[in-house]
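Asker:
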Amino acid sequence: MESLTDGHWNTSEQRLRKTFSLALVIHGLLLIGLSFAMPAGSPPSPSLDVTLAQQPAEKAPDQADFIAQTNQLGADDQQTVLQPQNPWQQPSVEQLRIDSAEQALLTHNSDTQVSDSKETPKADQEQPDRDAMQAELARLKQAYNNIPRVLRMTSVSAKSADAAAYMVYFEEKVEQIGNLNYPREARSQGIFGQVQLIVVILADGRIRRIEVSKGSGSRLLDQAAVRSVQLASPFKPFPKELRNRDEIHIIRTWQYQSNNVLTTN
Numbered sequence: 000m001e002s003l004t005d006g007h008w009n010t011s012e013q014r015l016r017k018t019f020s021l022a023l024v025i026h027g028l029l030l031i032g033l034s035f036a037m038p039a040g041s042p043p044s045p046s047l048d049v050t051l052a053q054q055p056a057e058k059a060p061d062q063a064d065f066i067a068q069t070n071q072l073g074a075d076d077q078q079t080v081l082q083p084q085n086p087w088q089q090p091s092v093e094q095l096r097i098d099s100a101e102q103a104l105l106t107h108n109s110d111t112q113v114s115d116s117k118e119t120p121k122a123d124q125e126q127p128d129r130d131a132m133q134a135e136l137a138r139l140k141q142a143y144n145n146i147p148r149v150l151r152m153t154s155v156s157a158k159s160a161d162a163a164a165y166m167v168y169f170e171e172k173v174e175q176i177g178n179l180n181y182p183r184e185a186r187s188q189g190i191f192g193q194v195q196l197i198v199v200i201l202a203d204g205r206i207r208r209i210e211v212s213k214g215s216g217s218r219l220l221d222q223a224a225v226r227s228v229q230l231a232s233p234f235k236p237f238p239k240e241l242r243n244r245d246e247i248h249i250i251r252t253w254q255y256q257s258n259n260v261l262t263t264n
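In numbering that gives the first Met the number 0, the protein residues as written are 0 to 264.
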């Protein structure tokens with residue numbers, strides 16, 4: 000039973016620490032995500048002039064001025080290079096390019112003005128979100144740091160010399176006080192049984208909490224076990240090896256035997 004109780008407490012603390020760690024990671028990732036910006040758009044692809052040849056030529060020209068589906072030679076008396084025209088091609092490709100560029104410039108200027116007007120409120124909105132996230136992250140860190148550093152001691156877990164010595168000291172003091180104050184009614188009525196307690200001791204030896212984890216079925220014996228710890232306190236401060244702990248949780252069983260003797264194990 001002692002090992003089961005100790006395992007339950009260890010599991011609870013581990014779950015609490017894992018929960019806080021996961022929350023810190025999630026808040027950190029969300030905070031980092033607010034700083035990312037969308038990548039700039041890629042530059043427009045270069046344009047290529049393509050025209051349809053109206054009069055195909057058998058011989059390819061030495062130097063082509065435009066790209067078409069067949070070869071086409073210009074007139075002999077024409078000194079100025081002119082782009083072949085389709086009958087339905089109005090206006091010219093060059094004019095369309097100029098018009099398209101002007102329209103794109105106007106559209107870009109308009110979009111820039113609209114984007115500027117929208118980005119300012121968005122930036123103003125992100126700043127409070129970032130501040131709130133940072134405040135929540137700081138709160139979680141503080142809560143994580145406030146989790147007590149606990150050593151839970153049973154007959155199995157007290158393996159180090161200082162921990163084992165402190166356990167023996169605690170048992171001897173509690174048994175001595177408990178036998179001196181053995182409940183009279185239990186003696187006269189032949190009441191016996193066992194009570195399991197969890198005693199939380201602070202680093203200076205004071206008791207923080209006493210919990211009945213498994214009662215005896217007799218309120219008289221349960222109260223007598225708790226009282227034996229209260230009368231035996233305060234205990235001595237933690238030894239040097241245990242000073243890196245904020246609390247020690249001692250899990251022991253008080254056995255009120257039929258011969259009216261109290262023992263702990």
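C-beta: ideal position from N, C-alpha, C; glycine also.
Report the option in LYS172, ASP128, ALA131, ILE25 whose CA atom is closest to the CA atom of GLY204.
Answerer: Of the candidates LYS172, ASP128, ALA131, ILE25, the one whose C-alpha sits nearest the C-alpha of GLY204 is LYS172.
Asker: As a quick exercise: from ARG129, VAL167, ARG148, pick the residue whose alpha carbon is nearest that of LYS235.
Answerer: If we check each option's Cα against that of LYS235, VAL167 comes out closest.
Asker: Where does ARG183 fall in DSSP's three states?
Answerer: Looking at ARG183 - three-state DSSP - the assignment turns out to be helix.
Asker: Quick one: which unbroken alpha helix (DSSP H) runs of 4-plus residues sit fully inside the segment 207-263? Chain order, please.
Answerer: Correct list: 218-231.
Asker: Taking the Cβ atom as the reference point for each residue, do THR252 and GLN193 lie within a distance shorter than 8 angstroms?
Answerer: Contact flag set, yes.
Asker: Is VAL260 buried or exposed, if buried means 16 or more other CB atoms sit within 10 Å of its CB?
Answerer: The residue in question, VAL260, is exposed, as its Cβ has fewer than 16 Cβ neighbours within 10 Å.
Asker: Does ARG151 come out as helix, strand or coil in the three-state DSSP assignment?
Answerer: ARG151: strand per DSSP, three-state reduction.
Asker: Given PRO233, which residues of its chain have a CB within under 8 angstroms of its CB, disregarding the five upstream and five downstream residues?
Answerer: Excluding residues within five positions, the ones whose Cβ falls inside 8 angstroms are ASP203, GLY204, ARG205, ILE206.
Asker: Can you tell me whether ARG183 is buried or exposed, with buried defined as 16 or more other CB within 10 angstroms of its CB?
Answerer: With fewer than 16 other Cβ atoms within 10 Å, it is exposed.
Asker: Using 8 angstroms as the threshold, is the C-beta distance between THR153 and ILE247 below it?
Answerer: Contact flag unset, no.
Asker: So, is GLN126 buried or exposed, given that buried needs 16 or more other C-beta atoms within 10 angstroms?
Answerer: Classification for GLN126: exposed.
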